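J.: Numbering (this note's numbering), first residue to last: 344 to 837.
Glycine included, every Cβ here is placed at the ideal spot set by N, Cα and C.
For clarity, every value in this text was computed on a predicted model and none was experimentally measured.
Mind looking over this structure? Questions follow.
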Ligand SMILES: [Zn+2]
């Protein structure tokens, strides 16, 4: 092997070791760490992040990368690894040390303030740290650079190549299709889904969730599930992938679909090429691609009639007191009930995108400076009235509900909608490529679907951007029509 390339791999793997060690500490913090232990943990995480940043921005790595960028002896995949690492290196170099430290200090302060503010429904308690964070984020857009809109610089960090121009075109299509469609559905007599909110034993829920994960081919030999207050997926290599779920004894839906959703993320992580540990090829392509993998399992598969034709009888056996008299048809309609609501994470598949468009419009305004901090709640509530026709009763159920801003995660939300739209396009393509896919799902057999995702998406890691992957697989760029066709077929029949 090329000696320079070998040395690049060694350096990258060392940095990955540090980052994955941080991920173990982060996982532990969410899952097992006692509440009083957060100060030392924050320090440990800060130290590891600092060392990793130092190693990654060291001039030796920069020199090595610029040599390798000109090296014609590399394979096409090696060249792509170098190209991605060089871009990461140049981006990271744009941050001064003072800026990194200031941002880290400011986000831990903002997180504490947000946590208190949300629990006490007190936006004013969060506003001063949010203000500081916004100023820093605006500064970050200048450090990173952009061509047309400052928000593009932040978007690009989560979704390479995504811009406000592209998003606006997409979202105007989403808005003109979904707003009237949702109105039509909501005007119909709502289904009585109250049986989902009866008492469901916690241990029985847990066991059912584990069975669902096994059935999806989640590999428990190189993964595990635990409980946390916010479900998430993390990994320490493709051979150690962790998911968490949340159980609400008074709402069966939370465990089931968080389990399937995180399971979808985890299958992607378990399918990344092990030999590429620490290199771009061994990482996920983008947040939208990651989300497409969770959504395809959660919605296209896990909220389909075919899926429940297989699993519903088992669920009825576990909870006969709640479900024995509930038909499969009523169950299916209830788990797909469309209803405007305040909380994004509890939203149905359709109104979910209104929550995202609201956040996108807010973030763009905040970053460009047209929405001042003291105006945020008022504008948020006005948009909920406009998009969803509901009056937000409190800031806790409104502008304070999401953790993202307290982490400085401006530019993240759009990837959730993009993920759903990619999922619909991929699922339409998989149905064409895999004969009898729906019949296989009715039998609880997901092997061919997983193989298809592995072959087309997982094994490529970050070699291709979301847009490139989509074109390679489906022959087209992202098209909202696939989601809308899926939605019309499904919700038009419910
Ligand atoms: Zn997700």
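By Cβ distance below 7 Å, which residues in the same chain neighbour residue 702 in space, the five residues on each side in sequence not counted?
T.: Around residue 702: 756.
J.: Which residues have a Cβ closer than 6 Å to any heavy atom of ligand 1, listed in chain order?
T.: This selection yields 604, 608, 634 and 637.
J.: If you pair each beta-carbon of the stretch 541–558 with each one of the stretch 655–662, do three or more pairs fall below 8 Å?
T.: Yes, since at least three Cβ pairs between the stretch 541–558 and the stretch 655–662 fall closer than 8 Å, the two stretches touch.
J.: Taking the C-alpha atoms as reference points, what is the distance between residue 633 and residue 826?
T.: The alpha-carbon atoms of residue 633 and residue 826 are separated by roughly 17 Å.
J.: From 780, 830 and 391, pick the residue whose C-alpha is nearest to that of residue 367; which is it?
T.: When each option's Cα is compared against that of residue 367, the closest is 391.
J.: Please report the distance separating the alpha-carbon of residue 783 from that of residue 789.
T.: Using only the alpha carbons, I get a separation of about 7 Å.
J.: In the DSSP output, which residue or residues are listed as bridge partners for residue 567?
T.: 585.
J.: Taking its Cβ as the centre, do 16 or more other Cβ atoms sit within 10 Å of residue 494, making it buried, or is it exposed?
T.: That one is buried.
J.: Which runs of the alpha helix (DSSP H) fall wholly inside the stretch 788–826 and span at least 4 residues, in chain order?
T.: Correct list: 790–799 and 809–817.
J.: For the pair the stretch 634–646 and the stretch 607–620, tell me if three or more CB-CB distances fall below 8 Å.
T.: Yes, they touch.
J.: Could you check which residue in 380, 797 and 725 has the C-alpha nearest to that of residue 613?
T.: Of the candidates 380, 797 and 725, the one whose C-alpha sits nearest the C-alpha of residue 613 is 797.
J.: So, for residue 710: in the same chain, excluding its five sequence neighbours on each side, which residues have a beta-carbon less than 8 Å away from its beta-carbon?
T.: These residues qualify, in order along the chain: 477, 480, 481, 484, 493, 494, 497 and 753.
J.: Spatial neighbours of residue 421 within its chain, please: C-beta separation below 7 Å, excluding the five flanking residues on both sides.
T.: Hits under 7 Å: 348.
J.: Roughly how far, in whole angstroms, is the beta-carbon of residue 399 from the beta-carbon of residue 425, given that I think they are within contact range, below 8 Å?
T.: Going by Cβ atoms, the distance from residue 399 to residue 425 rounds to 14 Å, so no, they are not a contact pair.
J.: List the DSSP bridge partners of residue 591.
T.: The partner list for residue 591 (beta bridge, DSSP) reads 594.
J.: Just to confirm before moving on: does the CB-CB distance between residue 589 and residue 574 stay below 8 Å?
T.: A contact, by the Cβ cut-off of 8 Å.
J.: Is the separation between the beta-carbon of residue 693 and that of residue 521 shorter than 8 Å?
T.: In this structure, residue 521 lies closer than 8 Å to residue 693 by Cβ.
J.: Quick check on this structure: which residue in 503, 507 and 387 has the alpha carbon closest to the alpha carbon of residue 707?
T.: Minimum Cα distance to residue 707 is reached at 507.
J.: Cutting at 8 Å between CB atoms, please list the residues of its own chain near residue 823, excluding the five before and the five after it.
T.: Cβ neighbours of residue 823 beyond the five flanking positions: 513, 516, 517, 520 and 764.
J.: Once you ignore the five residues that flank residue 666 on each side, which residues in its own chain have a CB closer than 6 Å to its CB?
T.: So the list reads 659, once near-sequence residues are dropped.
J.: Quick one, which of 472, 465, 438 and 510 has its alpha-carbon nearest residue 759's?
T.: Nearest of 472, 465, 438 and 510 to residue 759, Cα basis: 510.
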